[in-house]
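J.:
Below you can see the structure in the form of structure tokens.
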């Protein structure tokens with residue numbers, strides 16, 4: 085890149101982040117500064133979790149709330165319905181509550197209507213509460229495309245009282261999604277010298293090491309100190325990395341595998357981060373089979389042990405794919421290798437047959453044991 089070339093805008097972070105135990109109850113003034121007529125977007129469970137707090141805030145701050153369902157998915161049909169609801173309510177901001185898909189719905193709705201967005205995650209399963217990105221799916225949950233947004237949320241409220249009520253499986257999924265930052269960014273951006281991209285890759289390494297060190301304790305003691313640190317890592321630090329690195333710090337094969345697997349009904353009960361975690365193993369297996377990364381096999385074995393402790397999927401049968409026909413699995417591989425797929429950010433070409441071979445061999449033993457820890 086030349087010294088005079090235009091660089092892309094930096095969409096680093098939400099304008100404000102409130103975090104801690106009971107953060108939502110204390111957020112009334114911050115919410116009221118953004119809007120007086122929020123449309124609250126989320127699913128049924130999330131609505132029940134926040135209803136009392138938001139109703140109290142509405143009374144205290146003289147806000148007028150309306151509620152809109154994000155179910156069944158962040159789809160074009162749901163967004164169309166919510167645009168009508170926002171217009172009818174004369175909403176002046178969008179308040180998203182829930183998991184990653186609900187928050188993506190809220191962010192994309194705000195983007196389409198040019199309204200500020202507030203995010204309130206109810207699990208630590210993704211960093212969607214932070215980022216200027218949304219993914220769009222079919223109503224049945226099959227991934228279609230992603231949309232880069234023009235800003236991060238105006239306000240993010242990370243309330244540990246909400247997060248601790250989520251199933252522990254969601255935190256494990258968030259760990260899987262967050263740790264992918266290292267395995268993907270280190271491949272897609274290792275050759276880049278831009279200051280912020282280098283910083284993002286190094287932060288991804290820090291994130292990986294923190295998760296290796298503290299995830300087991302976090303899962304064992306919900307609400308404890310290390311649990312709080314891991315929650316902040318999956319929701320906040322993972323988002324920082326995407327903000328710093330931007331489009332140059334790209335997702336690679338792990339997310340491409342996720343996108344392909346969403347087209348298999350057998351995978352629909354698996355969380356985003358669980359599919360991404362499996363996708364990391366597939367990516368490392370591809371690197372191993374191609375011989376491009378001498379540490380890929382060791383890194384894969386390290387992750388297999390880590391996943392076993394967290395209950396993350398290690399092989400295709402763990403995800404209910406043992407009953408899926410080879411033709412259907414091949415179709416998922418074809419979709420993951422589509423021309424615009426992130427899998428092509430790998431430093432070598434991958435075709436569907438090669439990807440399928442990696443998908444079905446993520447637990448293959450390495451040729452010889454090694455004590456090297458993957459860098």
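In the working numbering, the protein residues as written are 85 to 459. Yeah, the Cβ is synthetic: ideal placement off N, Cα and C, and Gly gets one too. Nothing here was measured: the structure is a model prediction, and the numbers come from that model.
Mapping DSSP to helix, strand and coil, what is residue 241?
T.: For residue 241, the secondary structure class from DSSP, reduced to helix, strand or coil, is strand.
J.: Note down, in chain order, each residue of its chain lying with its Cβ closer than 6 Å to the Cβ of residue 145, except the 5 sequence neighbours on either side.
T.: 112 and 116
J.: In terms of DSSP beta bridges, what is residue 221 paired with?
T.: Residue 221 has 227 as its beta-bridge partners, per DSSP.
J.: Name the two residues that bound the continuous beta strand (DSSP E) containing residue 202.
T.: From DSSP, the beta strand (DSSP E) with residue 202 extends over 201-205.
J.: Leaving out the 5 sequence neighbours to the left and right, which residues in its chain are closer than 8 Å to residue 406 when beta-carbon positions are compared?
T.: 400
J.: Please determine if the stretch 257-273 and the stretch 320-334 are in contact, where contact requires at least 3 C-beta pairs separated by less than 8 Å.
T.: Yes, since at least three Cβ pairs between the stretch 257-273 and the stretch 320-334 fall closer than 8 Å, the two stretches touch.
J.: Quick one: grab the DSSP three-state call for residue 179.
T.: strand
J.: Which of the three DSSP states, helix, strand or coil, is assigned to residue 248?
T.: coil
J.: Could you check where the alpha helix (DSSP H) with residue 315 kicks off and where it finishes?
T.: 309-316
J.: Indicate the three-state DSSP secondary structure (helix, strand or coil) for residue 29 in the structure shown.
T.: The requested residue 29 does not occur in the structure, where the chain is confined to residues 85 to 459.
J.: Return the first residue and the last residue of the alpha helix (DSSP H) that residue 409 is part of.
T.: Looking at the DSSP string, residue 409 is not in any alpha helix (DSSP H), and its letter there is neither H nor E.
J.: Helix, strand or coil, according to DSSP, for residue 233 in the structure here?
T.: coil
J.: Taking the continuous alpha helix (DSSP H) assigned at residue 302, which residues delimit it?
T.: 279-304
J.: Could you give the DSSP three-state label for residue 151: helix, strand or coil?
T.: In the displayed model, residue 151 falls within a strand according to three-state DSSP.
J.: What does a CB cutoff of less than 7 Å around residue 219 pick up in its chain, not counting 5 residues either side in sequence?
T.: 158, 188, 227 and 230
J.: Using a Cβ distance threshold of 8 Å, determine whether the stretch 257-270 contacts the stretch 122-142, with at least three qualifying pairs required.
T.: no
J.: Could you name the residues of the same chain whose beta carbon sits closer than 7 Å to that of residue 434, not counting the 5 residues immediately before and after it, in chain order?
T.: 370, 421 and 427
J.: Please confirm if the stretch 302-309 is in contact with the stretch 377-384, defined as three or more CB-CB distances below 8 Å between the two stretches.
T.: no
J.: Helix, strand or coil: which one does DSSP assign to residue 434?
T.: If DSSP states are grouped into helix, strand and coil, residue 434 belongs with coil.
J.: Determine the closest residue to residue 163 out of 126, 105, 142 and 176, with distance taken between C-alpha atoms.
T.: 126
J.: Here's the rule I'm using: 16 or more other beta-carbon atoms within 10 Å means buried, otherwise exposed. How should residue 174 be labelled?
T.: Exposed.
J.: Let me check one thing: in DSSP terms, what residues is residue 192 bridge-paired to?
T.: Note: residue 192 sits in no beta bridge, so no partner.
J.: Compute the Euclidean distance between the alpha carbons of residue 347 and residue 446, then round it to the nearest angstrom.
T.: Roughly 20 Å separates the two Cα atoms.
J.: Using CA coordinates, which residue listed in 377, 329 and 269 is at the minimum distance from residue 339?
T.: 269
J.: Which residue wins for smallest C-alpha separation from residue 463, given the options 279, 430, 414 and 389?
T.: The displayed coordinates of the chain run from 85 to 459. Any statement about residue 463 would go beyond what the structure contains.
J.: Could you tell me which whole beta strand (DSSP E) segments of length 3 or greater appear in the stretch 120-152?
T.: 122-126
J.: Span of the alpha helix (DSSP H) holding residue 341?
T.: 337-345
J.: Looking at the strands, I want to know which residues DSSP matches up with residue 104.
T.: Under DSSP, residue 104 takes part in a beta bridge, and its partners are 243.
J.: When you compare each of 448, 152 and 190 to residue 172 by their alpha carbons, which one comes out closest?
T.: 152
J.: Grab the span of the alpha helix (DSSP H) containing residue 329 for me, first residue to last.
T.: 322-329
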